[in-house]
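Sequential numbering from 867 applies to the sequence shown in our numbering. The structure appears right after this line, and notes come after that.
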Amino acid sequence: MTALPAGWRDGEIAIIGLAKSGSGAATLLARAGARVYASDIGQQAALEAVAAELRLLGVDVETGGHNLERIARAKLVVASPGVPPDAPPLAAARNAGITVVSEIEVALRLMDNTRIIAVTGTNGKTTTTALVGHLLRAIGVTAIDAGNIGTPLSEVALHAHPSWIALEMSSFQLHDTPGLDPTVGVVTNLSPDHLDRYQGVDDYYADKAMLFRNASSHSRWVLNADDDEVLNLAMRGAATSGYHEYTKPTPGKTHLFSLENRECEAYYDRERDALVVLEEVLLRREELSLFGDHNVANALAASLAVMIADPDYATNEVRPRIAEGLRSFRALKHRLEVAGEYNGVLWINDSKATNVSSTLVAIQGMTRPTILLLGGRHKGEPYTALAEPFRRVGKRVLAYGEAAPIIESDLGGMVPVERLGSSFPEVIARASEIAESGDTVLLSPACSSYDMFRNYEERGADFKRLATRMP
């Protein structure tokens, strides 16, 4: 950990939200000698336990509300990623002209120099981040996965000194992390998402473009050549005059991966059924344990990012270690995870699919008659794009939760839709009633989980637990 920046030594730093990121930032700042005030609107027992630990470090903690006047006097405000940008404490800070940053920005300012491979995108960024970290460790260097993947970067700054960080960045984190300057930046893909928190898709893409804001001639970018939005994003860069206006191409060197284009530095050779990276076959697809073309793309992106990160990582000696790393990697929980097969019915947990494009990928990967569990809290996207691919394998859509009426309206005239309520056990029981041997029950909700669950992990765990109990 480095010294507290001079501009942060005078005055109070306010932390808004005390989940993992917020509590991590508060701990890091307190140990660096900052005067810290932390505030969370919740009052749960788990939160009070976190508050008690922070108070032992000298942090002034407020739960059950926010002192907006105090926040408006802060030197700096640190926002947890789960706090909406229009939340009263953040609005109060911005109205007072106070800089709002992410927990990741705090960690970057206080940690020793560590090289970073930063990954963003709409879908696949968590798996790609995990792959990057896994491959780096497979070749024998120290690497930690952090950021949106679950481990706050502030924890890394406090306790570890890795050679590399595989850093997953959400659009919200990118917006508030002006100091991010990765050695390698990766964009997996782009499609509309989080329209419940953005006024439009251009605003969402503009935050994604913040990955490029500190681009220089030394930067390296790994981009999806099959996604025009990704290529357009890189051409526009982090435009200071607005996302809609053209700017010069992003500085640095661009490296492309593709499922179709054999001219890219990393591509999938369908004739040989092989992943090709830097002009040589890395491994055959059948050796990859990950399901679906989208995961082939993730593997190509991660492999290319690691191999261009350092010239030593692309040698003939190291390539076999990267290939072995791909072979040994296993799918993450809640991402097209096989929950089990009971009485001939395959249950697949894709709870992480919280947008339409992610669910579309899941449907395209199905080969058996499929009962799709679709629902939760609506995020602003229409569901109509799912109809055509679902006709190929679809048996029935079970629409549930707050989004059920919208799903029924969007899809009801095109595919079989049954509208249910907000009891998840009843949803699973109904799926079990309909399913026959040889069918698949797919939880790929295309919605957030917050109407019925704390997070997508809890939703996925409940799905797996209930599936084991079905007759």
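Built from N, CA and C at the ideal position, the CB exists for glycine as well.
What three-state label does DSSP hand Gly986 in the structure shown?
A small fix is needed here, since residue 986 is Thr in this sequence, not Gly. Here Thr986 sits in strand by DSSP.
DSSP bridge partner residues for Asn1215 (one or two, in chain order):
Glu1203, Leu1309
Burial state of Lys1119, where buried means 16 or more other Cβ atoms lie within 10 Å
exposed
Less than 8 angstroms between the CB atoms is what I'm expecting for Thr992 and Leu1198, so what's the real figure, rounded?
6 angstroms
With which residues is Tyr1133 paired in a DSSP beta bridge?
Ser1124, Val1142
Pairwise C-alpha distance: Ser1083 and Gly1191
30 angstroms
Distance, Cα to Cα, Asn1161 vs Glu928?
43 angstroms
Straight-line gap, Thr995 to Ile1005 (C-alpha atoms, nearest Å)
16 angstroms
Determine, using beta carbons only, whether Asn1321 comes closer than 7 angstroms to chain B.
The displayed structure is made up of one protein chain only, and chain B is not part of it.
Quick check on the burial criterion: 16 or more other C-beta atoms within 10 angstroms. Buried or exposed for Leu1046?
buried
According to DSSP, which residues form a beta bridge with Asn1090?
Phe1123
Just list the residues that DSSP pairs Thr1236 with in beta bridges.
Gly1260, Thr1306
Exposed or buried, what is His1110 when buried is set at 16 or more other beta-carbons lying within 10 Å of its beta-carbon?
For His1110, the predicted model reports a pLDDT of 38, less than 50, meaning its position is unreliable and no value from the coordinates is stated.
When Ala945, Asn1014, Gly990 are compared against Leu1056, the one with the closest alpha-carbon
Gly990
Just grab the DSSP bridge partners of Ile879 for me.
Val902, Leu942
How would you label Gly1279, buried or exposed, when you count the other beta carbons within 10 angstroms and need 16 or more for buried?
exposed
With a threshold of 16 other CB atoms inside 10 Å of the CB of Val1147, please say whether the residue is buried or exposed.
exposed
Can you tell me whether Gly1051 is helix, strand or coil according to DSSP?
strand
For Arg1325, count neighbouring C-beta atoms within 10 Å of its own C-beta (all shown protein chains included) and say buried if the count is 16 or more, exposed if not.
buried
Val949 and Ile882 closer than 7 angstroms at C-beta
yes
Rounded to whole angstroms, how far is the Cβ of Lys1330 from the Cβ of Ala1205, which I believe are closer than 8 angstroms?
4 angstroms
Between which residues of its own chain and Leu894 is the CB-CB distance below 7 angstroms, once the five residues before and five after are set aside?
Val972, Ala973, Leu976, Ser1020, Ala1023, Leu1024
What is the C-beta distance between Ala1228 and Ser1310, in whole angstroms, given that I count them as a contact (C-beta under 8 angstroms)?
4 angstroms
When you compare the segment 963–970 with the segment 1137–1153, are there three or more beta-carbon pairs, one atom per stretch, that lie closer than 8 angstroms?
no
Check Thr1340 in the structure and name its three-state DSSP category.
The shown model of the chain, from 867 to 1337, leaves out residue 1340, and the question about it has no answer.
If you check the beta carbons only, do Gly1246 and Met1318 fall under 7 angstroms apart?
no
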